[in-house]
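Counting the sequence shown from 1 gives a position; this note's numbering is that position plus 23.
First the structure, in the form of structure tokens, and then the observations on it.
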Amino acid sequence: MAATLERPAVPPARITIPVGGMTCAACQASVQRALSKQPGVLDAAVNLMTESAAVTFDPAVTTPAALVGAIQRTGYEAELPAAAQDAFAEQKARDEGQAREYQALKRKAIVSGIIGAIVMTVSMSAMRAGALWWGMAVITLFVMTWAGRHFYVRGWRALRRRSPDMNTLIAIGTGAAFLYSATATVAPGLFLRHGLMPDVYYEAVIIIIALILTGNALEARAKRNTAAALRALASLQPKTARLERGADDVDVPVEQVRRGDVVLVRPGERIPVDGEIITGDSAVDESMITGEWMTVAKRAGDRVTGGTINRSGAFRYRATTLGADSVLARIVRVMRDAQASRAPVQALADRISAIFVPTVLAIALMTFVVWMLVAGSASLAHALVASVSVLIIACPCAMGLAVPTAVMVATGRGAQMGVLIKGGEALQRAGEVTLVALDKTGTVTEGRPTVTDVIPATNGLSADAVLRLAASVESASEHPLAEAIVRHATARGLVVERPTGFEARLGRGARGSVGGRLVAIGNAAFMRELGIDVSPLSAELARVAEDGKTPTVVAVDGALGGLLAIADPIRPTAAETVRALRDRGLQVVLITGDHERTAHAVARAVGIDQVVAGVSPEGKVTEVERLRASGQVVAMVGDGINDAPALASADVGIAIGTGTDIALEAADVALMRGDPRGIIDAIDLSRRTMRIMRQNLFWAFVYNVIGIPIAAGVLYPAFGVLLNPIFASAAMAFSSVSVVTNSLRLRA
Numbered sequence: 024m025a026a027t028l029e030r031p032a033v034p035p036a037r038i039t040i041p042v043g044g045m046t047c048a049a050c051q052a053s054v055q056r057a058l059s060k061q062p063g064v065l066d067a068a069v070n071l072m073t074e075s076a077a078v079t080f081d082p083a084v085t086t087p088a089a090l091v092g093a094i095q096r097t098g099y100e101a102e103l104p105a106a107a108q109d110a111f112a113e114q115k116a117r118d119e120g121q122a123r124e125y126q127a128l129k130r131k132a133i134v135s136g137i138i139g140a141i142v143m144t145v146s147m148s149a150m151r152a153g154a155l156w157w158g159m160a161v162i163t164l165f166v167m168t169w170a171g172r173h174f175y176v177r178g179w180r181a182l183r184r185r186s187p188d189m190n191t192l193i194a195i196g197t198g199a200a201f202l203y204s205a206t207a208t209v210a211p212g213l214f215l216r217h218g219l220m221p222d223v224y225y226e227a228v229i230i231i232i233a234l235i236l237t238g239n240a241l242e243a244r245a246k247r248n249t250a251a252a253l254r255a256l257a258s259l260q261p262k263t264a265r266l267e268r269g270a271d272d273v274d275v276p277v278e279q280v281r282r283g284d285v286v287l288v289r290p291g292e293r294i295p296v297d298g299e300i301i302t303g304d305s306a307v308d309e310s311m312i313t314g315e316w317m318t319v320a321k322r323a324g325d326r327v328t329g330g331t332i333n334r335s336g337a338f339r340y341r342a343t344t345l346g347a348d349s350v351l352a353r354i355v356r357v358m359r360d361a362q363a364s365r366a367p368v369q370a371l372a373d374r375i376s377a378i379f380v381p382t383v384l385a386i387a388l389m390t391f392v393v394w395m396l397v398a399g400s401a402s403l404a405h406a407l408v409a410s411v412s413v414l415i416i417a418c419p420c421a422m423g424l425a426v427p428t429a430v431m432v433a434t435g436r437g438a439q440m441g442v443l444i445k446g447g448e449a450l451q452r453a454g455e456v457t458l459v460a461l462d463k464t465g466t467v468t469e470g471r472p473t474v475t476d477v478i479p480a481t482n483g484l485s486a487d488a489v490l491r492l493a494a495s496v497e498s499a500s501e502h503p504l505a506e507a508i509v510r511h512a513t514a515r516g517l518v519v520e521r522p523t524g525f526e527a528r529l530g531r532g533a534r535g536s537v538g539g540r541l542v543a544i545g546n547a548a549f550m551r552e553l554g555i556d557v558s559p560l561s562a563e564l565a566r567v568a569e570d571g572k573t574p575t576v577v578a579v580d581g582a583l584g585g586l587l588a589i590a591d592p593i594r595p596t597a598a599e600t601v602r603a604l605r606d607r608g609l610q611v612v613l614i615t616g617d618h619e620r621t622a623h624a625v626a627r628a629v630g631i632d633q634v635v636a637g638v639s640p641e642g643k644v645t646e647v648e649r650l651r652a653s654g655q656v657v658a659m660v661g662d663g664i665n666d667a668p669a670l671a672s673a674d675v676g677i678a679i680g681t682g683t684d685i686a687l688e689a690a691d692v693a694l695m696r697g698d699p700r701g702i703i704d705a706i707d708l709s710r711r712t713m714r715i716m717r718q719n720l721f722w723a724f725v726y727n728v729i730g731i732p733i734a735a736g737v738l739y740p741a742f743g744v745l746l747n748p749i750f751a752s753a754a755m756a757f758s759s760v761s762v763v764t765n766s767l768r769l770r771a
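Dropping the structure here:
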């Protein structure tokens, strides 16, 4: 019998689906529930600000088309994202869509406002004339069907699917006022027979629609401002590139650049694509990528990033990474995904939103009934005004915008500072950190070994002679310490020769012949194996080791030649960063695979008391998990490549890099420059953002708690105050705009 082959597991897929028609937290919650119930959906994050749904799903169970269908069945607009569209094109399409939305809302708000002002003026000065009322009814119906049509269409759809939203409240409120006024116009006698004056509220309907549209337009403009940083990044890519084609230079659209093409860049020009310099020297402004204002020196062999600016010197470089794989495109994509994500605190707004609109409808109905029972001869008019005011003043928009606006502005601000935060959850967790674990190499130190001392023995060889012979042997090695020695010798202008008879001893050293002389270089144990007496330099060996440097002994023709001290320089801002972390009440731990003496020397230099040394990558994971188990909220900071397991196991993983070689997928937060002060920026930004989120949620909640009872008429018995629906609509518009405006403070 043939064996049954087990079908391989299909990895989860992720898609971001544009969603149209969402206007409030209730809309967002409705789409969220529909997607979460869909078979095969592992996670769904619906975002009101970005008008999108980021869905992680099992492709063996469901498809993108099925997900789109699930959204459409809730009554909202959805479509599959355009194929073969990179992050730049997607952002451009989104910007154009937001611009069209803002212009349409502004146009409708202005026209409705002008018509409303005219109708109000006429209604205040005119006699009760049937013909005039008929004209006002026609004008009001025009405004409702042209400017406010989407309120009624979406409101009806939401009501039909038993998921009422803000549109439902507006549609019922203005619709009730219009029907009441239309009845008074068509059959005034019906009111007079019951002792009621046949009043009309046409001007209120028009002005309510105008004010709500004005609020929507202001909100749309403010929402566009929250994405300003993302648009700025997306606009960095030049439209054209100058390529070397034989003897000619040709300008071509950047989309036509291919891997391996030779690109020419002159002073003052923006670099079109990622690549590696072939010839030429320059200083490049990478501030929009890294947040660092100082230019970076570039020469042959260095990598350059598309979107940065060549400040001086022309150079030729070879294109390497293009399109969606480029650094800039990856940053834009990560930022876009982050802005579409949800912070855990959003769950509170979601729970309130799920019951908000049904509760408001119930309150409006109760308000109408109570006023009909207690208001006497004016019962119907007062009941209508109060219930309509309740429907209009209630604002689920503010709660829906409270968290995502702050996430959008904060992630954009972070990108401007060179801090790439990969989502609302990471943004929130960063502010809750209590302990920061720092890797040593590449985080506290530069990650680039450097020769600091050359100490010749008393055998007649000069320091330069010792360095030249050592570098010549090490030129055949690929060890990082060997590269440091060769680099130092070259920088001093020494002639480095290729050795003959090269032999490497793993973990101990190497030897070979240079110009007829037998040269050996390595640790003290290797020298003893070769019968070399290192005691004349024992004091220097001890001093170098105590300073946390790596001592490397050089022997020439069987005799002690000298000593090289190699160190990984501490980053200039490392001590400042540690002090700042402690000032914020955070514990700091150094975790490294280096040996105890070096680790403690580095820790002393930067002010760290707790050190865990000599651990493997797996050991770092174990230590992070131990710290978490002790109750700490741990941020692990590493270079994002060999520290990836520890970064993933921490509450917050922070990758520190140079912007081009950073492992964006290895951490929750990526620092786009090699400066540990970015850790402080990330934590401070998170804490500020959480304060803004809580303020937004608090005021959105308090606004409704105070506004709805006032609209229902609780002040009427004591003060004779009954809120006009027009003022209710103005208050509703203000609440949404205030939440977005408060979030924009994070840009400072």
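Idealized CB from N, CA, C, for every residue including glycine.
Everything numeric in this text was worked out from a predicted model, so none of it was measured.
Where are the alpha helix (DSSP H) runs, 4 residues long or more, that stay fully inside the segment 592-646, in chain order?
597-606, 619-629
Just to check my reading of the structure: L450 and V357 have Cβ atoms closer than 8 Å, yes? What is that Cβ distance to the nearest angstrom?
In this structure L450 does not touch V357 by the C-beta definition: roughly 13 Å separates them, more than the 8 Å allowed.
In angstroms, rounded to a whole number, what distance separates the CA positions of I685 and A667?
Only weak support is given to the placement of I685: the predicted model assigns it a pLDDT of 44, under 50, and the value that follows is read from those uncertain coordinates. Approximately 11 Å between the Cα atoms of the pair.
Whether S752 touches N719 by CB criterion (8 Å)
no
Which of the three DSSP states is assigned to K262 in this structure?
coil
Bridge partners of Y340, per DSSP?
V286, I300
Pick from V397, D617, P503, P559: whose alpha carbon is nearest that of G776?
In this structure the chain extends from 24 to 771, so residue 776 is not present and cannot be described.
Give the single residue among D580, G538, E646, E563 whose Cα lies nearest to the Cα of I555.
D580
Assign I38 to one of three DSSP states: helix, strand, or coil.
I38 falls in the strand class under three-state DSSP.
Given this structure, state the Cα-to-Cα distance separating R289 from K115, to the nearest angstrom.
Going by C-alpha positions, R289 is about 27 Å away from K115.
What do you reckon, are the CB atoms on A507 and I544 nearer than 8 Å?
no
Where do the ends of the alpha helix (DSSP H) carrying G92 lie?
87-96
Which one or two residues does DSSP pair with P276 in a beta bridge?
In DSSP, P276 forms a bridge with T263.
Within 10 angstroms of the Cβ of E29, are there 16 or more other Cβ atoms? Answer buried if so, exposed if not.
Confidence at E29 is low in this model, with a pLDDT of 44, below 50, so the placement of that residue is unreliable and no value is reported for it.
If I measure Cβ to Cβ from V644 and keep anything under 7 Å in the same chain, skipping five residues before and after, which residues do I get?
P668, A669, S672
Chain-order list of residues whose beta-carbon lies under 7 Å from that of P367 (same chain, five-residue window excluded):
So the list reads E448, Q451, once near-sequence residues are dropped.
Between the alpha carbons of R783 and R37, how many angstroms are there, rounded?
There is no way to answer for residue 783, as the model of the chain reaches only from 24 to 771.
For D308, does the three-state DSSP call read helix, strand or coil?
strand
Beta carbon of I162 nearer than 8 Å to that of T197
no
Relative to the alpha-carbon of V350, which residue among I294, A320, Q369 has its alpha-carbon at the smallest distance?
I294
Excluding the five sequence neighbours on either side, which residues of its own chain have a C-beta within less than 6 Å of the C-beta of G171, listed in chain order?
I232
I679 to G516, Cα distance in whole Å?
So the alpha carbons of these two residues sit roughly 33 Å apart.
So what does R540 bridge to, in DSSP terms?
Assignment of beta-bridge partners to R540 by DSSP yields V537.
Distance, Cα to Cα, S776 vs H623?
Outside the displayed span of the chain (24 to 771) sits residue 776, for which this structure offers no information.
Just the C-alpha distance for T573 and L490, rounded to the nearest angstrom, thanks.
Approximately 15 Å, taken between the alpha carbons.
CB-CB under 7 Å to I733, same chain, minus the five flanking residues each way: which ones, in chain order?
L746
Backbone secondary structure at G238 - three-state DSSP:
helix
What does the alpha-carbon distance come out to for the pair T683 and G346?
With a pLDDT of only 37 at T683, under the threshold of 50, the placement of this residue in the model should not be trusted; the figure read from the coordinates follows. Each residue's Cα considered, the two are about 15 Å apart.
Say whether the segment 460-469 touches the segment 619-638, bearing in mind that this needs 3 or more beta-carbon pairs closer than 8 Å, one atom from each stretch.
yes
N-terminal and C-terminal residue of the alpha helix (DSSP H) that S752 is part of:
Note, S752: alpha helix (DSSP H), 748-766.
As assigned by DSSP and simplified to three states, the class of P559
helix
Please state if the CB of Y726 and the CB of C418 are separated by a distance shorter than 8 Å.
yes
Is the number of C-beta pairs between the segment 480-490 and the segment 521-541 that are closer than 8 Å three or more?
no
List the whole-angstrom C-beta distance separating I677 from A658, where the pair is believed to meet the contact cut-off of C-beta under 8 Å.
6 Å
Under the DSSP definition of a beta bridge, which residues are partnered with L694?
V442, I679
Stretch-stretch touch, CB-based, cutoff 8 Å, three pairs: the segment 632-641 with the segment 582-593
The segment 632-641 vs the segment 582-593: no contact.
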